[in-house]
Every structure is written in C-alpha cells, then in structure tokens.
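Asker:
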Amino acid sequence: MNWIDIGALDDVPLRGARLVKTHAGCVAIFRTGEAEVYATSNTCLHRGGPLSEGIVHDRKVTCPLHNYVYSLETGEVMGPDAGRIATYPIRVEDGRLLLDGDAVGKRSAA
0 MNWIDIGALD DVPLRGARLV KTHAGCVAIF RTGEAEVYAT SNTCLHRGGP
50 LSEGIVHDRK VTCPLHNYVY SLETGEVMGP DAGRIATYPI RVEDGRLLLD
100 GDAVGKRSAA
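For the sequence shown, numbering that gives the first Met the number 0 begins at 0 and goes up steadily by one.
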C-alpha cells in the first residue's frame, strides 16, 4: 500500500469530517471516536450530496440533502435503500492520518 499523509488526526473534529481532493475525485474523512477514522467517497448515491457535510453518528453518516444513511465501515446504504459508496483504507500513526493512495487511485473519478 502507498500510504499518503493527509494531515493530523486533530484536523478532523470528533463526530465530524473533512474533505480531501484527489486526482480521482473527493474523499471524505470521518472521525467517529478519539482515534477511529474512516475514508469514503464524498458523493451520495441518491443525488450526489456532499457526505462530508453530513451528520456523523455511531459509525454512520447521514447525507445532508435527502437523509440517506451510509455505514462508514462498509459503505452500504442503511434501511430500505440500496447501494454502496466506495470506502478506502485509512489509519492513524503517531497522530497523523494515512490514506491508501493506491486504493483511491484505482477508483473512477467522481
């Protein structure tokens, strides 16, 4: 894996998110707990809502436009809706966020 340092863990607020722009499209970085982070596509499947602006709760995010709820662990849409957003490996090392650049590069541009 090609780990890319994308910033400090403290740059992402608890139960919040930040956006990382890549050549392949935007990736949303979510923080649910002290050192619990997830990386997903920033685009809601329903109408393209910006997930990084959504509500983070438990290990889920709710789209700010139409309330679609996604699992941050799997990318699956919760409830009666169907579909899945992309998820990417991310880890915390010495207080820094490291994103798998290879996995992000393999996806289609948003």
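By construction, the Cβ of each residue, glycine as well, lies at the ideal position given by its N, Cα and C atoms. In this text, all values refer to a predicted model and were calculated from it rather than measured experimentally.
1) Okay, do the segment 10-29 and the segment 51-59 touch, 3+ Cβ pairs below 8 Å being the bar?
2) Consult DSSP for Glu-110 and reduce its assignment to one of helix, strand or coil.
3) Buried or exposed: which applies to Ala-109, given that a residue is buried once 16 or more other Cβ atoms fall within 10 Å of its Cβ?
4) Assign Ala-16 to buried or exposed, taking buried as 16 or more other Cβ atoms, counted over all protein chains shown, within 10 Å of its Cβ.
5) From what residue to what residue does the beta strand (DSSP E) around Ala-16 run?
6) If I follow the unbroken alpha helix (DSSP H) through Val-103, where does it start and stop?
7) Between the Cα of His-45 and those of Ile-89, Gly-32 and Pro-79, spot the shortest distance and give me the residue it belongs to.
8) Quick check: the Cα distance between Met-0 and Ala-38, rounded to an integer number of angstroms?
9) Enumerate in chain order the residues of its own chain whose CB-to-CB distance from Trp-2 is below 6 Å, with the five nearest sequence positions on each side excluded.
10) Hey, how far is the Cα of Asp-4 from the Cα of Leu-64?
Answerer: On the basis of the data shown:
1) In the pairwise beta carbon analysis, the segment 10-29 is classified as touching the segment 51-59: at least three pairs are separated by under 8 Å.
2) Nothing can be reported for residue 110, as the shown portion of the chain is limited to 0 through 109.
3) As a working note, residue 109 is residue 110 in the sequence shown. For Ala-109, the predicted structure reports a pLDDT of 36, less than 50, and the residue's modelled location is therefore unreliable. A value from the coordinates is still provided. With fewer than 16 Cβ atoms within 10 Å of its Cβ, Ala-109 is classed as exposed.
4) Within the sequence shown, residue 16 is the residue found at index 17, counting from 1. Taking every protein chain shown into account, the CB of Ala-16 has 16 or more other CB atoms within 10 angstroms, so this residue is buried.
5) As a working mapping, residue 16 is identified with position 17 in the sequence shown. 15-21 is the span of the beta strand (DSSP E), which, as asked, contains Ala-16.
6) Residue mapping note: residue 103 aligns to position 104 of the sequence shown, counting from 1. Going by DSSP, Val-103 is part of the alpha helix (DSSP H) stretching over 100-104.
7) Mapped onto the sequence shown, residue 45 falls at position 46. Measuring from the Cα of His-45, the nearest candidate turns out to be Pro-79.
8) The residue given as residue 0 occupies position 1 in the sequence shown. The residue given as residue 38 occupies position 39 in the sequence shown. Going by C-alpha positions, Met-0 is about 15 Å away from Ala-38.
9) Sequence index remark: in the sequence shown, residue 2 carries index 3 (1-based). The beta carbon of Trp-2 is closer than 6 Å to those of Leu-97 in its chain, skipping five residues each way along the sequence.
10) Residue numbering aside, residue 4 sits at position 5 when the sequence shown is read from its first letter. Residue numbering aside, residue 64 sits at position 65 when the sequence shown is read from its first letter. So the two alpha carbons sit approximately 30 Å from each other.
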